[in-house]
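J.: Below you will find the structure I want to go over with you.
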Amino acid sequence: MEIMASSNPLTDDEVRRMVEDTEFFESDEESDAESAAFIPSDHETTSEISSESDDSESSNENDDFPLDDVFLERNCYKWSKEASKITRTRAHNLVIRISGNKNEAKNISTSDILSAWELFITEDFLQIILINTNIKINEKKNKYRAPQPSYIKPLDMIELRAFTSLLYLSGIMKSNHENVEGIFANNGTGRDILRGTMSVQRFLFILSCLRFDCATKREARKVNDKLTAIREL
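What follows is the structure, encoded as structure tokens:
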């Protein structure tokens, strides 16, 4: 591109003035550009503040839960690798006592019904009943003239156990409120097992003589003990 020569050449002063003006404009443009580069943006400021806040929270959270001890998710949730110290006892750690026989009952077979029963009604228990019941039987026996009925006789341990079993059976058969002669009847309405164990007369006689203590001294003991009739048991 050819530069056309001016018909009026510039003087030295004019050239120097033009150079100085050009440097001034360039300096202003650079200054404006630099100022524009540092104009604060609301969006950038908010982002920076948010970023700083997130960094602060993140650093605080990292202080509470080291990264080695947590699992990080994309939604910024943190899951601890270890269970909290304050928590319910896990089901597999609960100690539950297994139901079943304990102490002396552990050695008793489930098929040995008599041995299981004797854990509740011991031999000493039955002996107290036997002794005091026979005392009452002898008192009644002296009131009968000879010949005495066959059902009036002393009680032994075998018969006492049989009598106790009949009491259990009457409860199982729901015969507690039935007439005694009715459940011993031999016309098909009674219970054969009761009649096969003892007569109705013998059953009623034992029932009337059944005692748990010595009746001769009971009144004196009642003064200090309201439960004297069963205290020995």
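Here the sequence shown stands for residues 1 to 233, where the numbers follow full-length UniProt numbering.
All residues carry an ideal CB built from backbone N, CA and C; glycine is no exception.
Keep in mind that this is a model prediction, so the values were computed, not measured.
I believe residue 214 touches residue 137 by the beta-carbon criterion, under 8 Å. Please report the beta-carbon distance rounded to the nearest angstrom.
T.: Incorrect: roughly 13 Å between the Cβ atoms, too far for contact.
J.: Roughly how many whole angstroms lie between the Cα atoms of residue 85 and residue 77?
T.: If you take the alpha carbons of residue 85 and residue 77, they lie about 20 Å apart.
J.: Terminal residues of the continuous alpha helix (DSSP H) containing residue 130?
T.: It spans 123 to 141 - the alpha helix (DSSP H) in which residue 130 sits, taken as one unbroken run.
J.: Whole angstroms is fine: what's the gap from residue 121's alpha carbon to residue 93's?
T.: Each residue's alpha carbon lies about 39 Å from the other.
J.: So, using beta-carbon positions, are residue 243 and residue 80 closer together than 8 Å?
T.: Past the boundaries of the shown model lies residue 243; the chain is included only from 1 to 233, so the question cannot be answered.
J.: To the nearest angstrom, report how far apart residue 233 and residue 125 are at their CA atoms.
T.: If you take the alpha carbons of residue 233 and residue 125, they lie about 6 Å apart.
J.: At which residues does the beta strand (DSSP E) containing residue 70 begin and terminate?
T.: Its beta strand (DSSP E) spans residues 70 to 72.
J.: Return the chain-ordered ranges of every beta strand (DSSP E) run that is complete within the segment 76 to 125 and spans a minimum of 3 residues.
T.: For the segment 76 to 125, whole beta strand (DSSP E) runs of length 3 or above, ordered along the chain, are 78 to 80.
J.: Indicate the three-state DSSP secondary structure (helix, strand or coil) for residue 185 in the structure shown.
T.: Coil at residue 185, not helix or strand.
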